[in-house]
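One structure is given here, and the rest of the page talks about it.
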Amino acid sequence: MGMERTLIIVKPDGVQRGLVADILGRFERRGIKLVGLKLIQIDRATAERHYAVHAAKSFYGELVEYITSGPVVVAVLEGPKVIEIARSMIGKTRPNEAVGGTIRGDLAVEGLRNLIHGSDAPETAAEEIALYFRDGEVLDYTRSVDHWVVG
Ligand code: DAT
Ligand code: MG
59 MGMERTLIIV
69 KPDGVQRGLV
79 ADILGRFERR
89 GIKLVGLKLI
99 QIDRATAERH
109 YAVHAAKSFY
119 GELVEYITSG
129 PVVVAVLEGP
139 KVIEIARSMI
149 GKTRPNEAVG
159 GTIRGDLAVE
169 GLRNLIHGSD
179 APETAAEEIA
189 LYFRDGEVLD
199 YTRSVDHWVV
209 G
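Here our numbering is used: the first residue of the sequence shown is 59, the next is one more, and so on.
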């Protein structure tokens, strides 16, 4: 089974609302391995690169303001199909459309304040991880439970 990595950001609303442990805990409980983690404040240049794909959209300015508005937690998760699994756990972009059981469906209600980012494809995951983590900050290690989770 091919291993993937994905970038997760607990956005400023998640940090301010004290939801970091709940959000990261969901991935831990699922059995997903954490290989990178830090608390940072994203600067404007990094936010503009991260959301470059949305540069022409009407909500771009607001999006950059929001993601730079306070500390965030950036994390790298690793595992088979982890990009798809994390996206399904995160739920739909608009929290009002996200179903219960998902992070957005359980913990968020409105528009931009959707608590969490997760990479959407292997190429974007690699680009996004490189935006926030240097070589050596993403760790390669084994867990004794790995053979109970991935068999
Ligand atoms: P996702 O975060 O689910 O991957 P996305 O990549 O399409 O969604 O968009 C990035 C963020 O931009 C999203 O989390 C919230 C905001 N956004 C997307 N579409 C929007 C819209 N139509 N109006 C306002 N904000 C939007
Ligand atoms: Mg996206």
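Note that beta-carbon positions come from the ideal geometry of N, C-alpha and C, so glycine has one too.
Same chain, Cβ closer than 6 Å to residue i, five either side skipped, listed in chain order
i	result
Lys150	Ala156
Ile67	Val130, Val132 and His175
Residue from the options with nearest C-alpha to residue i
i	options	result
Met147	Ile161, Ala188, Val78 and Ser127	Ile161
Arg187	Val130, Leu82 and Val134	Correcting the residue type first, residue 187 is Ile in the shown sequence and not Arg. The candidate whose alpha carbon is nearest that of Ile187 is Val134.
Val132	Ala183, Ser202 and Thr200	Ala183
Gly163	Arg145, Gly176, Asn154 and Arg171	Asn154
Leu97	Gly159, Val130 and Asn172	Val130
His108	Tyr199, Ala166 and Asp178	Asp178
Trp206	Gly89, Leu82, Pro70 and Thr64	Gly89
Asp71	Ile174, Arg145, Gly159 and Ala79	Ile174
Gly63	Tyr118, Ile141 and Leu170	The question names Gly, yet the displayed sequence has Arg at residue 63. Considering only alpha carbons, the answer is Ile141.
Asp204	Lys91, Arg171, Arg84 and Phe85	Lys91
Val196	Val93, Arg87, Leu82 and Gly76	Val93
Tyr199	Gly169, Ala144, Gly137 and Gly209	Gly137
Ile143	Ser202, Gln74, Arg75 and Glu86	Glu86
Residue i CB to nearest heavy atom of the ligand DAT below 7 Å
i	result
Leu135	no
Asn172	yes
His112	yes
Thr151	yes
Leu121	yes
Gly194	no
Phe191	no
Gly169	yes
Phe117	yes
Contacts around residue i, its chain only, beta-carbon distance under 7 Å, and the 5 residues preceding and following it disregarded
i	result
Thr104	Leu189
Val167	Pro153 and Asn154
Arg84	Met147 and Ile161
Val78	Val68, Gly72 and Val131
Pro180	Glu62 and Ile141
Proximity test, Cβ basis, 8 Å: residue i and chain D
i	result
Leu77	Considering every chain present, this structure includes no chain D. It has just one protein chain.
Residues near residue i in its chain [Cβ-Cβ closer than 8 Å; skip 5 each side]
i	result
Asp80	Leu165
Pro102	Checking the displayed sequence, the identity of residue 102 turns out to be Arg instead of Pro. Closer than 8 Å at the Cβ level, and outside the excluded window around Arg102, lie Val122 and Thr126.
| query | Using the beta carbon as the reference atom, which residues fall closer than 7 Å to any heavy atom of the ligand MG, ordered along the chain? | reply | His175 and Asp178
| task | May I have a chain-ordered list of the beta strand (DSSP E) segments no shorter than 3 residues that lie completely inside the region 130-189? | result | 130-138 and 174-176
| said: To test your reading of the DSSP string, which unbroken alpha helix (DSSP H) runs of 4 or more residues are found completely within the region 67-92? | reply: 70-74 and 78-88
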